[in-house]
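Heads up: the structure comes next, in structure tokens.
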Amino acid sequence: MKPGVALPEVTFRTRVRDESVGGTNPFRWQDMTTADYFKGKRVILFSLPGAFTPTCSTYQLPGFEKNAQTFAEHGIDEIYCMSVNDSFVMNKWAEAQGLQAVKVIPDGSGEFTRRIGMLVAKDNLGFGMRSWRYAAVVNDGVIEAWFEEPGLCDNHGEDPYGVSSPETLLDYLAQAEKTEAA
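Using my numbering, you'd call the opening residue of the sequence shown number 303 and step up by one each time.
Following this line, the structure appears as structure tokens:
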């Protein structure tokens with residue numbers, strides 16, 4: 303993906319808490335579209351191979367959560383974490399991580415990830431099809447900046463992490479502000 307490219311229009315199947323459902327699992331299905339998440343907002347979208355996996359749970363997701371206020375000070379309205387996992391898994395992972403600022407987007411079928419060219423096989427890890435690790439600044443549904451880990455391929459022997467880190471995006475935002483001010 304390149305800056306200036308619009309995100310693909312996709313419908314995501316999400317589960318949202320709704321007390322009117324009652325019972326011990328008061329959730330209902332709610333379809334959300336790309337426009338619902340991105341229209342009229344400047345956001346960070348980062349994607350990773352899987353909920354509950356080591357790098358994702360130890361560094362990437364917590365780093366974005368910890369820096370949420372700093373991102374807001376740089377003009378970011380929302381921070382979204384996407385993975386090729388279903389809504390049940392993503393909601394439980396968000397709960398386990400104690401998320402307050404970062405919101406999760408389940409790309410259960412991998413449709414969005416496929417359409418942006420980031421769907422890779424991770425059969426070597428027993429995962430099946432998953433997302434390659436990346437991050438982006440998205441402004442009103444259009445990519446402003448793209449940060450993709452090197453080595454995009456199926457069944458990669460490593461899990462590179464660095465280019466898509468919160469620190470990289472904070473550096474980008476600080477530089478973009480300096481450029482605008484000049």
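Built from N, CA and C at the ideal position, the CB exists for glycine as well.
With contact defined as three or more Cβ pairs closer than 8 Å, the segment 367-377 and the segment 443-451 are not in contact.
As a beta-bridge residue in DSSP terms, Ile-445 pairs with Val-440.
Out of Pro-310, Leu-350, His-376 and Arg-416, the CA that lies nearest to the CA of Glu-482 is found in His-376. Taken atom to atom, the span from the alpha-carbon of Ala-437 to that of Asp-320 is near 31 Å. Annotation: the segment 355-425 contains the following complete segments of the beta strand (DSSP E) (minimum length 3 residues), in chain order: 380-385, 405-408 and 421-423. Secondary structure of Asp-333 (DSSP, three-state): strand. With a cutoff of 9 Å on beta-carbon distance, Cys-383 and Leu-427 are scored as not near each other.
Assigned with DSSP and collapsed to three states, Val-312 falls in coil, not helix or strand. Under the DSSP definition of a beta bridge, Phe-348 partners with Cys-383 and Ala-437. Membership of Thr-326 in any alpha helix (DSSP H) is not indicated, and neither H nor E is assigned to it by DSSP. Closest in C-alpha terms to Tyr-463, from the list Thr-360, Asp-338 and Arg-317, comes Thr-360.
Annotation for Lys-480: the continuous alpha helix (DSSP H) segment containing it runs 468-483.
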